[in-house]
Amino acid sequence: DVVINRSNQVWAADITYIRTIKGFCYLALLTDMYSRKIVGFDLSDSLELTGCVRALKKAMYHNKGLTNLTHHSDRGIQYCSNVYTNELKRKKIAISMTEENHCYENALAERVNGILKDELYLDQTFASVEEAKKATKNAIKLYNSKRLHLSLNYKTPNNVHQNAA
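Residue numbers for the sequence shown, in our numbering: 17 to 181.
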């Protein structure tokens, strides 16, 4: 029931998989709920905590002077871990989690996953982790800088994020 009216007020976190011929990689994403900008990401060959922490640290590094920020996620073990929650507490970032592990409670994060896979071709099977990383970086760059959003009055996430900061 929070009214989101500025960038870096609420970040939505989620993990999705990217397929390679040798198995899966896991894409940890942090998306600003106001601007829809992907503010942090990491592609890892493991579901371990380190990928989520790297994505969080990238997001914090690229968004200085954060105040009154809330981090919202599902109840994934990575987001509930002491290491992850302590990093949030250390930066005075409020922690919000879904009440039930249901996709509708983290709908924005799920929508971003779908756009990256359905529109920006991350749903394919990549030949290697390196190829998947290159494609992921390119897809996120296109998503943030080129993809127009109806919910943003046909602006890009980068444009809205920069002008609302």
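By construction, the Cβ of each residue, glycine as well, lies at the ideal position given by its N, Cα and C atoms.
### Query
Closest to Asn169 by CA distance: which of Gln25, Tyr50, Tyr42, Lys38 is it?
Here residue 169 corresponds to residue number 153 of the sequence shown, with the count starting at 1. The candidate whose alpha carbon is nearest that of Asn169 is Tyr50.
### Message
For a minimum of 3 consecutive residues, which ranges assigned as the beta strand (DSSP E) are wholly contained in the region 45-83?
### Response
54-60
### Query
From what residue to what residue does the alpha helix (DSSP H) around Ser93 run?
The count along the sequence shown starts at 1 and reaches residue 93 at position 77. Strictly speaking, residue 93 in this sequence is Ile, with Ser absent from that position. Ile93 -> alpha helix (DSSP H) spans 93-96.
### Message
Taking the alpha-carbon of Thr114 as reference, which of Ser97, Gly92, Arg52 has the nearest alpha-carbon?
### Response
Start at 1 with the first residue of the sequence shown, and residue 114 comes out as number 98. Out of Ser97, Gly92, Arg52, Gly92 has the C-alpha closest to the C-alpha of Thr114.
### Query
Just reading off the alpha helix (DSSP H) that Arg12 is part of, what are its end residues?
Residue 12 is absent from the structure shown; the chain starts at 17 and stops at 181.
### Query
Identify the residues that DSSP records as bridge partners of Ser89: which are they?
Taking the first residue of the sequence shown as position 1, residue 89 is located at position 73. Beta-bridge pairing links Ser89 to Met113.
### Query
What are the boundary residues of the alpha helix (DSSP H) that Val176 is part of?
Within the sequence shown, numbered from 1, the residue matching residue 176 stands at position 160. Element bounds for Val176: 173-180.
### Same chain only: Cβ atoms within 7 Å of Ser97, ignoring 5 sequence neighbours per side
Walking along the sequence shown from the start, residue 97 turns up at place 81. These residues qualify, in order along the chain: Leu65.
### Message
Quick check: the region 138-156 against the region 21-29, are at least 3 beta-carbon pairs closer than 8 Å?
### Response
no
### Task
May I have the straight-line CA-CA distance separating Thr83 from Ile37, to the nearest angstrom?
As a working note, residue 83 is residue 67 in the sequence shown. As a working note, residue 37 is residue 21 in the sequence shown. Their backbone Cα atoms lie some 42 Å apart in a straight line.
### Query
Straight-line CA distance for Ala71 to Phe57?
Here residue 71 is taken as the residue at index 55 of the sequence shown, counted from 1. Here residue 57 is taken as the residue at index 41 of the sequence shown, counted from 1. Approximately 4 Å between the Cα atoms of the pair.
### Task
In angstroms with no decimal places, state the Cα-to-Cα distance between Ile156 and Ser89.
Here residue 156 is taken as the residue at index 140 of the sequence shown, counted from 1. Here residue 89 is taken as the residue at index 73 of the sequence shown, counted from 1. Ile156 and Ser89: Cα-Cα distance of roughly 20 Å.
### Query
How should Tyr100 be labelled, buried or exposed, when 16 other C-beta atoms within 10 angstroms of its C-beta is the threshold for buried?
In the sequence shown, residue 100 corresponds to position 84, counting from 1. With 16 or more other Cβ atoms within 10 Å, it is buried.
### Task
Could you tell me if Tyr77 is buried or exposed, where buried requires 16 or more neighbouring beta carbons within 10 angstroms of its beta carbon?
For this step, residue 77 is matched to residue 61 along the sequence shown. That one is exposed.
#### Entry: Identity of the residues DSSP links to Leu43 by a beta bridge
Along the sequence shown, read from residue 1 onward, the residue named residue 43 stands at position 27. Looking at the DSSP assignment, Leu43 forms a beta bridge with Thr32, Leu59.
### Task
From the DSSP output, read off the bridge partner residues of Val19.
Within the sequence shown, the letter at position 3 stands for residue 19. In DSSP, Val19 forms no bridge with anything.
### Message
Here's the rule I'm using: 16 or more other beta-carbon atoms within 10 Å means buried, otherwise exposed. How should Gly67 be labelled?
### Response
Indexing the sequence shown from 1 puts residue 67 at position 51. Result: buried.
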